[in-house]
Ligand SMILES: *Cc1c(COP(=O)(O)O)cnc(C)c1O
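In the working numbering, the protein residues as written are 1134 to 1501.
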């Protein structure tokens, strides 16, 4: 072969590093020949999907030969109703990741600067690099976004600012007053993405609701997902709420059938299953206390988190600890790729799963 196909890719794509997902359970089963594995690595809902979502999927199976509704009418209507916004403000995505990429492609190019925080969600640098834009990474303060410094970093070339609230992997969050002061400094021609993938878990009085900020600041795009609190990660469905003109722009770049029919009907059903959501939140807050108390008992520092995950400082290179936990049948997430080599990110599981993890961590740290 005389052609170097990598060199034929765009400059941005040549510099891409693929996203590294949490290790799948079957992969570890194959590698180590063990069963009874606990996966606390991808911030998934430990309850399993809601019955309402499963029933809706069952009912739609006979129509799998048909294309999905490319406009996602039923889901968009349900969302518009629930959020008191117009149908024309909602964009559906193949997971909210899809929307993050649509935003980068629609509003950025190789002349653009895109701002995000140190330790911010890994998809922001990937979406930025893929379009050949310049990533402006603003140092974090106490693991969290420094919105003052992020506003200072805006230049005439800035097109997009990504903010995860709360942030993954750190679990840190931004309060309403801080967000308001920040938004007042952002020019209207800079799109501000408020990624609220974990928003449903939070009920702190000063936690901002991005959708209500949208009225005052039309350059905000709020993204949310059905992958976390709604328990539908495998289906790949998320959405954004924005100014109608922004939604129109995103609608032009998305694929015609970017969300599949089982995902549309299951998400619609999950949205109205308030009992499931309430249970998800309860399991999460109890599980968070369980893990925090486990870490305290082991004398380990952790980053206080409002998400469904928490980063623990294992006090040494976390990679061998991660590997040793795998051998105990417990999958967590190393975050060295985020510049956090001593931390492991652990998703909140069921009580028994959390207990398994704490016991395994205790055993591993005693011998590591
Ligand atoms: C999990 C996550 C997402 C959503 O992922 P999808 O499954 O693509 O909806 C988005 N942003 C953050 C910060 C996340 O942690």
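Beta carbons: idealized from backbone N, C-alpha and C, even for Gly.
Minimum C-alpha distance to residue i - residue among the options
i: residue 1147; options: 1308, 1265, 1195, 1491; result: 1265
i: residue 1347; options: 1223, 1141, 1476; result: 1223
i: residue 1267; options: 1275, 1247, 1252; result: 1247
i: residue 1213; options: 1422, 1384, 1344; result: 1344
i: residue 1151; options: 1376, 1261, 1451; result: 1261
i: residue 1449; options: 1186, 1494, 1459; result: 1494
i: residue 1193; options: 1488, 1398, 1178, 1385; result: 1398
i: residue 1299; options: 1279, 1287, 1288; result: 1279
i: residue 1306; options: 1443, 1208, 1498; result: 1443
i: residue 1204; options: 1394, 1428, 1439; result: 1394
i: residue 1337; options: 1459, 1308, 1320; result: 1308
i: residue 1483; options: 1446, 1370, 1419, 1207; result: 1419
i: residue 1320; options: 1440, 1375, 1290; result: 1290
i: residue 1200; options: 1474, 1396, 1284; result: 1396
i: residue 1155; options: 1434, 1137, 1311, 1464; result: 1464
i: residue 1311; options: 1254, 1206, 1284, 1330; result: 1284
i: residue 1362; options: 1330, 1387, 1392; result: 1330
i: residue 1351; options: 1207, 1327, 1141, 1357; result: 1327
i: residue 1388; options: 1478, 1168, 1235; result: 1235
i: residue 1187; options: 1342, 1254, 1364; result: 1364
i: residue 1108; options: 1259, 1287, 1301, 1341; result: Nothing about residue 1108 can be read from this structure; the chain reaches only from 1134 to 1501.
i: residue 1486; options: 1217, 1417, 1446; result: 1417
i: residue 1472; options: 1499, 1428, 1446, 1322; result: 1446
i: residue 1263; options: 1172, 1288, 1145; result: 1145
i: residue 1254; options: 1499, 1478, 1492, 1490; result: 1478
i: residue 1451; options: 1269, 1430, 1497; result: 1497
Residue i to residue j span [Cα, whole Å]
i: residue 1294; j: residue 1334; result: 23 Å
i: residue 1191; j: residue 1250; result: 42 Å
i: residue 1462; j: residue 1164; result: 11 Å
i: residue 1502; j: residue 1457; result: Residue 1502 lies beyond the range of the chain shown here (1134 to 1501); nothing can be said about it.
i: residue 1143; j: residue 1226; result: 25 Å
i: residue 1402; j: residue 1367; result: 16 Å
i: residue 1256; j: residue 1230; result: 7 Å
i: residue 1220; j: residue 1324; result: 20 Å
i: residue 1181; j: residue 1481; result: 13 Å
i: residue 1178; j: residue 1184; result: 14 Å
i: residue 1378; j: residue 1238; result: 16 Å
i: residue 1380; j: residue 1369; result: 19 Å
i: residue 1303; j: residue 1134; result: 45 Å
i: residue 1315; j: residue 1281; result: 7 Å
i: residue 1332; j: residue 1359; result: 11 Å
i: residue 1131; j: residue 1174; result: Absent from the model: residue 1131. The displayed extent of the chain is 1134 to 1501, so no value can be given.
i: residue 1391; j: residue 1138; result: 28 Å
i: residue 1439; j: residue 1476; result: 17 Å
i: residue 1354; j: residue 1297; result: 12 Å
i: residue 1467; j: residue 1474; result: 8 Å
i: residue 1102; j: residue 1241; result: In the structure as shown, the chain starts at 1134 and stops at 1501, and residue 1102 therefore has no counterpart that could be examined.
i: residue 1274; j: residue 1432; result: 23 Å
i: residue 1384; j: residue 1453; result: 45 Å
i: residue 1415; j: residue 1166; result: 34 Å
i: residue 1276; j: residue 1400; result: 32 Å
i: residue 1376; j: residue 1301; result: 25 Å
i: residue 1197; j: residue 1292; result: 40 Å
i: residue 1373; j: residue 1216; result: 11 Å
i: residue 1160; j: residue 1218; result: 42 Å
i: residue 1168; j: residue 1157; result: 13 Å
i: residue 1435; j: residue 1428; result: 7 Å
i: residue 1499; j: residue 1492; result: 11 Å
i: residue 1228; j: residue 1386; result: 15 Å
i: residue 1115; j: residue 1172; result: Only positions 1134 to 1501 of the chain appear in the structure, and residue 1115 is not among them; the question remains open.
Buried or exposed by the 16-neighbour rule on C-beta atoms within 10 Å, applied to residue i
i: residue 1413; result: buried
i: residue 1455; result: buried
i: residue 1426; result: exposed
i: residue 1209; result: buried
i: residue 1356; result: buried
i: residue 1421; result: buried
i: residue 1470; result: exposed
i: residue 1272; result: exposed
i: residue 1170; result: buried
i: residue 1318; result: exposed
i: residue 1153; result: exposed
i: residue 1322; result: exposed
CB contact below 8 Å: residue i versus chain C
i: residue 1151; result: As a matter of chain content, chain C is missing from the structure shown, which is built from one protein chain.
Fill in: Sequence ranges, beta strand (DSSP E) only - wholly within the segment 1328-1379, length at least 3
1353-1358, 1371-1374
Worksheet entry | Uninterrupted alpha helix (DSSP H) stretches inside the segment 1374-1433 (no shorter than 4 residues) | 1377-1386, 1394-1404, 1407-1430
Discussion item. Could you tell me which whole alpha helix (DSSP H) segments of length 4 or greater appear in the segment 1248-1318?
Written reply: 1256-1263, 1280-1285, 1309-1318
Worksheet item: Taking only runs of the alpha helix (DSSP H) that begin and end inside the segment 1154-1207, which ones reach a length of at least 4 residues, in chain order?
Response: 1158-1165, 1184-1193
Fill in: Stretch-stretch touch, CB-based, cutoff 8 Å, three pairs: the segment 1236-1245 with the segment 1399-1417
no
Item to complete: Ignoring anything shorter than 3 residues or poking outside the segment 1215-1248, list the beta strand (DSSP E) runs there in chain order.
Response: 1223-1226
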